[in-house]
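Numbering-wise, the working numbering comes out as the position in the sequence shown, counting from 1, plus 2. For every residue, glycine included, the Cβ atom is placed at its ideal position computed from N, Cα and C. Predicted, not measured: the structure shown is a model, and the values here were computed from it.
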Amino acid sequence: MFDPTASSTGEIVWRFAKWNEWKFSRETAEALWVAIITDTGRFAYDSTSPGTLRAAGDLLKHGVRTAYINDILYGTFPRKAIELKRIAWRSLHIWKNRKVAEVSLTRDDFRSVRGTKADVEDVIEIPRSVARNEIALFFYQIPDRTKETRCSIRTRGNWDATEIAARFGGGGHAKAAGCTITAPIAKAKRLMRAAVKDIMKSSCRKTMRINLQDLKI
């Protein structure tokens with residue numbers, strides 16, 4: 003199943019389950035709840051629709067522990083996750099147009115705190131939190147993948163995160179997507195920056211508002 007308008011994979015799975023008249027256990031409902039709230043920014047992103055809220059409302063009927071889940075996901079963090087976020091803050095780079103911001107974590111950063119991918123789920127919120135930001139990028143290397151760099155992408159306004167991710171064989175949703183680039187992190191950054199600049203330049207041409215300042219890193 004593929005639906006680019008869906009808020010999340012969790013919402014799609016919920017629809018499929020309802021169509022098949024499957025029964026939900028509390029554990030299943032909570033798993034889908036987590037999938038939906040993380041992909042929608044706790045129902046804050048534009049991808050949130052009436053259908054998303056209907057799915058969430060139905061899941062609540064099955065005993066989802068909202069406060070408990072919120073505390074685990076957003077209220078408490080292991081020390082290594084906090085250390086990685088501190089390192090990521092130091093890497094923050096804001097383009098001159100202030101529309102694009104990026105952070106990164108290298109393989110050595112992960113190894114220095116014995117961190118894993120699970121420790122960086124919300125690091126993308128660092129560049130996304132910059133005032134006027136429209137495109138947020140988070141580059142990171144998984145310690146056991148020596149030739150890969152992953153990139154999480156979040157967008158605002160008219161920018162489509164999937165259009166950016168698709169340049170590298172990735173995908174996701176209009177406002178939240180990701181991809182894997184087969185290159186060391188420095189080269190991956192150059193490739194992604196070039197792709198973002200190309201997409202922005204193309205958009206400028208379409209709207210007849212070419213502003214070269216917007217393309218400066």
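Pick from the options that is closest to residue i, judged by C-alpha positions
i, options, result
"K149", "L139, A190, K177", "A190"
"W97", "R147, P186, P129, A176", "P129"
"W161", "G12, S204, R17, F45", "S204"
"A83", "S114, S10, A167", "S114"
"L139", "A90, A120, R56, F79", "A90"
"K119", "G173, I137, Q143", "Q143"
"A196", "R56, H175, F170", "F170"
"I187", "A176, P145, A46, A163", "P145"
"I71", "L193, T40, F141", "T40"
"D121", "M194, K87, R44", "K87"
"S10", "G43, E23, W24", "G43"
"D124", "M194, I201, P80", "P80"
"G172", "G159, T151, R192", "T151"
"G159", "S49, T54, S27", "S49"
Close beta carbons around residue i, own chain, < 6 Å, minus the five adjacent residues each side
i, result
"A31", "L61, H64, V66"
"Y47", "K177"
Spatial neighbours of residue i in its chain, beta-carbon cut-off 8 Å, leaving aside the 5 residues before and after
i, result
"V198", "V102, I137, L139, I166"
"T68", "W35, L62"
"R100", "V132, A133, R134, N135"
Spatial neighbours of residue i in its chain, beta-carbon cut-off 7 Å, leaving aside the 5 residues before and after
i, result
"A8", "I14"
"R116", "K82"
"I201", "E165, I166"
"S51", "S9"
Would the region 68 to 76 count as touching the region 104 to 120 if we require 3 or more Cβ pairs under 8 Å? no
Within the chosen definition, does the region 85 to 99 reach the region 121 to 137 through at least 3 CB pairs nearer than 8 Å? yes
Check whether the region 178 to 187 and the region 151 to 160 are in contact - that is, three or more C-beta pairs closer than 8 Å. yes
Ignoring anything shorter than 4 residues or poking outside the region 119 to 171, list the alpha helix (DSSP H) runs there in chain order. 127 to 130, 163 to 168
Which complete beta strand (DSSP E) runs does the region 79 to 125 hold, if anything under 3 residues is left out? 102 to 107
Taking the runs of the alpha helix (DSSP H) that are 4 residues or longer, which of them lie wholly in the region 19 to 81? 28 to 41, 52 to 62, 68 to 72
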